[in-house]
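The next block holds one structure in the form of structure tokens; read it before the comments.
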Amino acid sequence: MTERRLKPHVLVLEYIDGTIARYAPPEAFTPPIVAQLYHALERINELGVVHSDLHWGNFIITPSRGVVIDFGEAVLKEKWDESEEEWEECVRCCCEPVAVTALVKGKRVEWSEEFGMPEYKLQPVRTSVT
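Per the numbering used here, residue 1301 is the first one in the sequence shown, and the count goes up by one each step.
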């Protein structure tokens, strides 16, 4: 046998000793962590994956890194039945790296150029008084 493989097929997962972003304190969102998350999402999109379920529960923050988790709803370009232009439109409309901006702004983290991403102005949440 020239091939080495595991049977049955297995899925190997890394245990990440960190905190879900929802519960992480604002000081956990250092410039390197924020830049890492933003650029990871850019790269994931470039590789033909749209996460499709980004929220505060799908980021883990550790002292040394930020990790995007839960790709269960991801859309893969290779399984995309539409044209290349429509895929690019899907990626553009999802604007997944902007989710990192929403995360840090929601945590009231002061903006830094060291984040390595453009600052997006988020609309204030309007509440109606009746």
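Beta carbons are placed, not taken as given, at the ideal position from N, Cα and C, and that holds for glycine.
| Asked | Found |
| --- | --- |
| For T1319: DSSP bridge partner residues | I1361 |
| Exposure of Y1338, with buried meaning 16 or more beta-carbon neighbours within 10 Å | buried |
| Stretch pair the region 1383-1390 + the region 1308-1322: three plus CB contacts closer than 8 angstroms | no |
| Test item: CB-CB of I1369 and I1333 under 8 angstroms | no |
| Under the three-state DSSP convention, the category V1375 falls into | strand |
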